[in-house]
Every structure is written in C-alpha cells, then in structure tokens.
Amino acid sequence: MSYDLAVWEGERPADDRTAGRVFNDLYDRYIDVDAGEPPTERIAAYVAGLLERWSDVTEDDYGTSPWHTGPLIREARGPVIYFPMSWSMAEEASAFAASLAQSMELVCFDPQQNRLRP
Numbered sequence: 118m119s120y121d122l123a124v125w126e127g128e129r130p131a132d133d134r135t136a137g138r139v140f141n142d143l144y145d146r147y148i149d150v151d152a153g154e155p156p157t158e159r160i161a162a163y164v165a166g167l168l169e170r171w172s173d174v175t176e177d178d179y180g181t182s183p184w185h186t187g188p189l190i191r192e193a194r195g196p197v198i199y200f201p202m203s204w205s206m207a208e209e210a211s212a213f214a215a216s217l218a219q220s221m222e223l224v225c226f227d228p229q230q231n232r233l234r235p
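First residue of the sequence shown: 118, per the working numbering; consecutive thereafter.
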C-alpha cells in the first residue's frame, strides 16, 4: 500500500474541489495513457530535488527511501508527476515534497484527502 501525491505546473486552483477536477483532467490526459510524454524541465527539476533528499528506490535501499517505485522520474509525464511513497515514511516525505513544490511554484495535491498542500 502506498500514499500518493500529485504535483503539476500551472496556477494554483482556488480551492480543493477545483484542484480535484484539475488533477483528474491531468491524470486522464498524462498519467492514464499507454505512451506518456517526457516530463517538462520544471517537473524533471522537481524530481531531482526530491532525489537530492532521498535516493531513488532500488532493491538495495528499499526501506531507506520513501519512494514506492523507481526510478522516480518514470512517474513524471509532461507537466505532472503522480507518485507513490511508502506509508512508513509518508508523513515526512509528503511534507518535504509539498514544501519543495511550493518553493518551485508548483501545485501539490493530495488525492487521498482531496486537498491542496500545503
């Protein structure tokens, strides 16, 4: 089981409900497709920032990295990344991921709680 976050480029939606609609549209357009487009430069830079804090998950470091899949960049498509993290590290990792997104002027959305972060 994993805890998921979505981060994307664009204006911050006015409220959680609008953010949920934007997330669903982005998911349908970029994530839930067979052939995804490569991540934009800003999303790739965001992933690099996440990986500066914790390394990509591999068989050797499974349990020390919060990322539930690897390489993490594989979860990024176009202007969005929708990525899972392990429940055991989700609180710390999601707080960092949300803070990093905010610092890079990206939108962070928690699909489990249907709310914007932070």
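The C-beta atom is built at its ideal place from N, Cα and C for all residues, glycine as well.
Under the three-state DSSP convention, the category residue i falls into
i	result
R129	coil
V139	helix
D227	strand
W204	helix
V112	The shown model of the chain, from 118 to 235, leaves out residue 112, and the question about it has no answer.
S211	helix
S119	strand
S172	coil
Beta carbon of residue i nearer than 8 Å to that of residue j
i	j	result
L217	L167	yes
S203	S119	yes
V224	R129	yes
E169	G195	no
P156	A215	no
W171	A212	no
Candidates the options: closest to residue i by CA position
i	options	result
T173	V164, G187, I160	Here the sequence assigns Asp to residue 173, which means Thr is not the residue at that position. Answer by Cα proximity: G187.
Q219	A193, G195, W184, I160	I160
A294	P228, T135, V139, M221	The first residue shown for the chain is 118 and the last is 235, placing residue 294 beyond what the model contains.
F140	L122, P155, P156	L122
Rounded distance between the beta-carbons of residue j and residue i, thought under 8 Å
i	j	result
G137	N231	5 Å
Bridge partner(s) assigned by DSSP for residue i
i	result
Y144	DSSP lists no partner for Y144.
I198	V124, A193
L233	F226
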